[in-house]
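Comments concern the structure below.
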Amino acid sequence: MAGSAKNSPRDTPGDDKVLAIDLGGTLTKIGLVSRKGSVLKAEVFKTGAMGPFEDFMDQVEQVFAKWQKDPGIKPLAMGIGAPNASSLTGCMENPPNFNWGNSIPLREALKEKWDLPAYLTNDANAAALGEMYFGVARGLEHFVTLTLGTGLGSGIVSHGKLLTGSRGMAGEIGHINVFPEGRQCKCGLKGCLETYASVTGIRRTVMELIAEGGTDSVLSAYSYDELEGLTISHAALQGDPIAIKAFEFTGKILGLKMADTAAHLDPEAFVISGGLSQAGDLLLNPIRKHMEARLFRAYRGKIAVLTTEYSSEEAVLGPAALAWQHLDEGGV
Ligand SMILES: [Zn+2]
10 MAGSAKNSPR DTPGDDKVLA IDLGGTLTKI GLVSRKGSVL KAEVFKTGAM GPFEDFMDQV
70 EQVFAKWQKD PGIKPLAMGI GAPNASSLTG CMENPPNFNW GNSIPLREAL KEKWDLPAYL
130 TNDANAAALG EMYFGVARGL EHFVTLTLGT GLGSGIVSHG KLLTGSRGMA GEIGHINVFP
190 EGRQCKCGLK GCLETYASVT GIRRTVMELI AEGGTDSVLS AYSYDELEGL TISHAALQGD
250 PIAIKAFEFT GKILGLKMAD TAAHLDPEAF VISGGLSQAG DLLLNPIRKH MEARLFRAYR
310 GKIAVLTTEY SSEEAVLGPA ALAWQHLDEG GV
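Quick note on the working numbering: the sequence shown kicks off at 10 and runs consecutively.
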């Protein structure tokens, strides 16, 4: 799908388009996206999560003011994906690593400012919609996305619809339990899946394996803060035993919990994205092996494990899909 984010010859300047905002803890990406998933315009700026919310709004305004000078730009709606955002309240609820307050009325703030229909959901759910509209999940009606970054974000699509639950909070697979007295999670619980299956998780695993001693590894030269996911991937590709063991352990834990998830949802596929997915087969092979070994018989050999084809620059496709979905359903 990577190609479809580029300008398609089928997208003429007069085509309908939506504004899409992918608000991340570090960077915010804004795009103007066509119905076919072409990113027609894009800007990136630092979110400033520790500064005032008003500064963030000023930055968004600057981008829009610049774009509005082009008379061809008349978006139909705005889609927003943000951490801990609730589609029901329109707010970011207690987002960790933000200093904007406990309940940030992001949807109303953006809607009022630009007088456009605005739709908000959490970033992981937006990513699931992006895969369904424009990505590797096109044509699928039952799938689960797992975004392995600093944490583990997930979105569940069932019968072609995002599963939202009673409070708009369904699909927090990152916080299902792996070990009851396991690693401390930022959410306050212990042993959550994201403390193992994420970039942060694999870094912790490497540090634990090194601390056990007895195995030489190039990764011993790194402190926890210095160690990046890519460094572990490179070491594994060079045959480093600790790095290989860390991927095997991470893939095993994730594969087991994907088998559990399959028992709840009977999906056609899982779509893996985020920084750790760049490790490719280093991670996918143990995931597939351990998932298959633990799958209930009815699902064996039937669930695809796919990786996203998006680049991080295309993160706006998720919130764009959210806006298109509402427009397609006649939302106002
Ligand atoms: Zn947790």
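C-beta: ideal position from N, C-alpha, C; glycine also.
Return yes when the C-beta of residue i is under 7 Å from any heavy atom of ligand 3, and no when it is not.
{"i": "Leu198", "result": "Absence of ligand 3 is noted for the structure shown, with ligand 1 being the only ligands found."}
If residue i and residue j are in contact, beta carbons under 8 Å, what's the gap, nearest whole angstrom?
{"i": "Ser207", "j": "Leu161", "result": "5 Å"}
{"i": "Val53", "j": "Leu36", "result": "6 Å"}
{"i": "Arg147", "j": "Leu97", "result": "27 Å between Cβ atoms; not a contact."}
{"i": "Ala230", "j": "Ile241", "result": "Not confirmed; about 13 Å, so no contact."}
{"i": "Thr204", "j": "Thr159", "result": "Rounded, the Cβ-Cβ distance is 11 Å, inconsistent with contact."}
{"i": "Leu125", "j": "Pro84", "result": "6 Å"}
{"i": "Leu149", "j": "Ser286", "result": "No, Leu149 and Ser286 are not in contact; Cβ-Cβ is about 18 Å, not under 8 Å."}
{"i": "Ala118", "j": "Met66", "result": "6 Å"}
{"i": "Val145", "j": "Leu315", "result": "5 Å"}
Quick check: what's the CA-CA separation for residue i versus residue j?
{"i": "Arg306", "j": "Lys298", "result": "15 Å"}
{"i": "Asp25", "j": "Lys45", "result": "10 Å"}
{"i": "Pro18", "j": "Ser43", "result": "The predicted model places Pro18 with a pLDDT of 43, which falls under 50 and marks its position as unreliable; any figure quoted below should be read in that light. If you take the alpha carbons of Pro18 and Ser43, they lie about 12 Å apart."}
{"i": "Glu102", "j": "Asp132", "result": "13 Å"}
{"i": "Ser232", "j": "Glu217", "result": "12 Å"}
{"i": "Gly200", "j": "Pro61", "result": "33 Å"}
{"i": "Ala179", "j": "Phe279", "result": "16 Å"}
{"i": "Gly339", "j": "Gly283", "result": "32 Å"}
{"i": "Ile113", "j": "Lys122", "result": "15 Å"}
{"i": "Ala14", "j": "Phe143", "result": "Bear in mind that a pLDDT of 41 at Ala14, under 50, signals an unreliable position, so the number given afterwards is only what the model happens to contain. Each residue's alpha carbon lies about 9 Å from the other."}
{"i": "Phe73", "j": "Ile82", "result": "10 Å"}
{"i": "Gly248", "j": "Leu263", "result": "22 Å"}
{"i": "Asn16", "j": "Lys50", "result": "Here the model assigns Asn16 a pLDDT of 43, short of 50, so the residue's position is not dependable, and the following value carries that caveat. Distance between the alpha carbons of Asn16 and Lys50 is about 10 Å."}
{"i": "Thr154", "j": "His184", "result": "15 Å"}
{"i": "Pro328", "j": "Ala29", "result": "5 Å"}
{"i": "Ala332", "j": "Val69", "result": "18 Å"}
{"i": "Ile211", "j": "Thr259", "result": "6 Å"}
{"i": "Lys261", "j": "Ala272", "result": "17 Å"}
{"i": "Gly169", "j": "His151", "result": "6 Å"}
{"i": "Pro92", "j": "Val215", "result": "27 Å"}
{"i": "Pro104", "j": "Gly110", "result": "8 Å"}
{"i": "Ala245", "j": "Asp275", "result": "33 Å"}
{"i": "Leu326", "j": "Trp76", "result": "18 Å"}
{"i": "Gly310", "j": "Glu322", "result": "33 Å"}
{"i": "Pro22", "j": "Ser47", "result": "Caution is warranted here: a pLDDT of 49 is assigned to Pro22, below 50, making its placement in the model unreliable, and no coordinate value can be reported."}
{"i": "Ala11", "j": "Ser167", "result": "Note that Ala11 has pLDDT 37, beneath the 50 cutoff, so the model's placement of it is unreliable and the number below is only indicative. Taking the straight line joining both Cα atoms gives about 24 Å."}
{"i": "Val187", "j": "Ala127", "result": "37 Å"}
{"i": "Leu228", "j": "Leu236", "result": "8 Å"}
{"i": "Phe107", "j": "Ala268", "result": "33 Å"}
Would you give the residue range spanned by the alpha helix (DSSP H) that residue i belongs to?
{"i": "Glu301", "result": "Asp290 to Arg303"}
{"i": "Glu70", "result": "Phe62 to Trp76"}
{"i": "Phe143", "result": "Asp132 to Phe143"}
{"i": "Asp337", "result": "Leu326 to Asp337"}
{"i": "Gly210", "result": "Val208 to Glu221"}
{"i": "Ala230", "result": "Per DSSP, Ala230 belongs to no alpha helix (DSSP H) and is neither H nor E."}
{"i": "Gly264", "result": "Pro250 to Leu274"}
{"i": "Ala244", "result": "Gly238 to Leu246"}
{"i": "Lys38", "result": "No alpha helix (DSSP H) holds Lys38; the beta strand (DSSP E) holding it covers Leu36 to Ser43."}
{"i": "Ala118", "result": "Leu115 to Trp123"}
Is any heavy atom of ligand 1 found at a distance shorter than 7 Å from the C-beta of residue i?
{"i": "Cys201", "result": "yes"}
{"i": "Cys194", "result": "yes"}
{"i": "His299", "result": "no"}
{"i": "His184", "result": "yes"}
Let's see if you can read the secondary structure: which residues bound the beta strand (DSSP E) around residue i?
{"i": "Val280", "result": "Ala278 to Ser282"}
{"i": "Gly148", "result": "Careful: Gly148 lies outside any beta strand (DSSP E) and carries neither H nor E."}
{"i": "Phe54", "result": "Val48 to Lys55"}
{"i": "Met87", "result": "Met87 to Ala91"}
{"i": "Ile30", "result": "Lys26 to Leu32"}
For a cutoff of 8 Å on Cβ pairs, would you count residue i as touching chain C?
{"i": "Ala91", "result": "Although the question refers to chain C, the structure presented lacks it and comprises just one protein chain."}
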